[in-house]
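Student:
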Amino acid sequence: MEKVIFHIDVNSAYLSWEAVYRLREQGGSVDLREIPCAVGGDKSKRHGIILAKSLAAKACGVRTGEPLTEALKKCPGLTVVPAHHSLYRQYSKKFMDILREYTPDVQQYSIDEAFMDMSGMEKIIGDPVAFAHKLKNRISRELGFTVNVGISSNKYLAKMASDFEKPDKVHTLFPEEIPTKMWPLPVSDLIFVGRSTQEALHKLGIYTIGQLAATDVEILRHHLKKQGETIWEFANGRDSSLVEPVPEGNKMYGNSTTVAFDITDEDTARMVLLSLSETVASRLREDGQKAQMVSVSIRNTDMKTVSHQKVMPAATDITEEIYETACQLFEELWDQSPIRLLGVQTGKLSSESQGRQMSLFDNTDYEKMERMDQAVDKIRKKYGKNAIMRASFLDNKKVDHMTGGHPDGGQVNLKTLKGTKK
């Protein structure tokens, strides 16, 4: 029996959530989604990068990921709203809670998107497309924002489908629809194809997804290594990955940062991954938790996001272990396209009291590494996070040694939020 997979994606999430909060919680009269508006982050710390934009701002030429200064040149009347990530987490939870009412098989892919495995539920939900419309409309009615729903027999095609015409749409992309709906699209529309990969494919005379699907996979392996085979599989609609829900109550620890410059070299990327790993690992230790799963997310300057995860042999809270795993995942994911965001997330948690199963072939002194991390934690707790840092950060002015991620990591008072008219 063919699987039925949904991919649900919030339309312009950050901007939508800012708009809904102001309309529903503050009694505002202006819908930010209907005027030239953008969420621009903290200008002093994030250099005013555009994180989300309204359709009216898009019509002025404003692009997600560009510097705020460039956006203001294109649209002088742009209303700029700083990012409030604690608010977004609240709306994200409400969104995910609705999805989990219909099936436990919900995999949160990011703060504003998720996969649902609806296979075998036709007797309950009826026609999947009709149900998707009901789900979409319920989210809009109860939460105040719109979503796109993509439907297919695997996760990749469902995600491709949800990226078709927006906003507030339901699309299907089943295998039999690939030749008409996906193959005519430019190869740049394929997830995992960034700017560098696109240029490499163009040099091979490959401009559409259909041309990529018809190319000898050995040619792609020769020029693009493992990634060549991966995108060939996707171009042919093949994806065997499962919807993997996080068990309820199994909290995840993660951190991400949108950098103010394009990361174009592996050394800088590794520095950012190290700073993220430092923060994530310290939070695990503080809460007495260890993680067995590590996930890395990459968003390029075209605002395409990819992620990959790995389950380690044993749960850990050691910074070095998390960092090395993150670097391995990064090497498997990165296609050399300039990077705007990096994220490290951990899951499959267990309590600190559970021991590590040792291997005869592993001579690593994990206890020594744990003691070292704990000593560093004590120093930072007493004297501040900058009291001690790795030597590799001393001469690096671009990357903070412990990237705190978003500036408003905790709950903030949102009652007086206002956009800034420039």
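For the sequence shown, the numbering used here begins at 6 and goes up steadily by one.
A virtual CB, placed ideally from N, CA and C, is assigned to each residue, including glycine.
1. Helix, strand or coil, according to DSSP, for W207 in the structure here?
2. Since T284 is in the beta strand (DSSP E), which residue starts that stretch and which ends it?
3. Where do the N-terminal and C-terminal ends of the alpha helix (DSSP H) with F335 fall, by residue?
4. Rounded to the nearest angstrom, what separates A137 and V154 at their Cα positions?
5. Give me whichever residues DSSP pairs with Y258 in a beta bridge.
6. Skipping 5 residues on each side, what residues in its chain have a beta carbon closer than 8 Å to that of S397?
7. Pick helix, strand or coil for I40, following the three-state DSSP scheme.
8. Is it right to say S167 is buried, meaning 16 or more other beta carbons lie within 10 angstroms of its own, or is it exposed?
9. Please name the residue in E283, T273, R143 whose C-alpha comes closest to that of Y258.
10. Within 10 Å of its beta-carbon, does P189 have 16 or more other beta-carbons around it, so buried, or fewer, so exposed?
11. Is the stretch 31-43 touching the stretch 190-200 in the sense that three or more CB pairs, one from each, lie closer than 8 Å?
12. Assuming contact is defined by CB atoms lying nearer than 7 Å, are K171 and N391 in contact in what I supplied?
13. Applying the 10 Å Cβ sphere with the 16-neighbour rule, what's the burial state of V152?
14. Once the 5 residues before and after V311 are set aside, which same chain residues still bring their CB inside 6 Å of it?
15. Between the Cα of K79 and the Cα atoms of T262, V86, H90, A64, which residue gives the shortest distance?
16. Let me confirm a value: R51 is counted as buried when at least 16 other C-beta atoms fall within 10 Å, else exposed. Which label applies?
17. When the cut-off is 7 Å and only beta carbons count, does L334 lie next to chain D?
18. Rounded to whole angstroms, what is the Cα-Cα separation between H12 and M165?
19. Between the Cα of I10 and those of M126, G233, L195, K139, spot the shortest distance and give me the residue it belongs to.
20. Are the beta-carbon atoms belonging to S59 and C42 less than 7 Å from one another?
21. Assuming M101 and A88 are in contact, meaning their beta carbons sit under 8 Å apart, how far apart are those beta carbons, in whole angstroms?
22. Pull up the distance between the alpha-carbon of T220 and that of T185, whole angstroms please.
23. Which residues in the same chain have their Cβ closer than 8 Å to the Cβ of L148, if we skip the five residues on either side of it in sequence?
24. Can you say whether H207 is buried or exposed, counting buried as having 16 or more other CB atoms within 10 angstroms of its CB?
25. Suppose you measure from the CA of I54 to the CA of E71; what does that come to, to the nearest Å?
26. Does the beta-carbon distance from V381 to L281 come in below 7 Å?
27. Pick out whichever of S300, G45, I323, K373 has its Cα sitting closest to the Cα of L83.
28. Can you check which of these residues, S124, S115, I116, D117, is closest to P109 by C-alpha distance?
29. As a quick exercise: from L225, P343, T324, pick the residue whose alpha carbon is nearest that of A274.
Tutor: Short version:
1. At residue 207 the sequence reads His, which differs from the Trp that was named. Correct three-state label for H207: helix.
2. Here T284 belongs to no beta strand (DSSP E); instead the alpha helix (DSSP H) covers 271-291.
3. 324-338
4. 7 Å
5. T351
6. M276, L279
7. coil
8. buried
9. E283
10. exposed
11. no
12. no
13. buried
14. F197, I303, L338
15. A64
16. Here R51 scores only 43 on pLDDT, less than 50, and its place in the model should not be relied on; the value that follows carries that caveat. So R51 ends up on the buried side.
17. Of the protein chains in the structure, only one exists, and it is not chain D.
18. 9 Å
19. M126
20. yes
21. No, M101 and A88 are not in contact; Cβ-Cβ is about 20 Å, not under 8 Å.
22. 18 Å
23. V25, Y96, K99, F100, I103
24. exposed
25. 6 Å
26. no
27. G45
28. S124
29. P343
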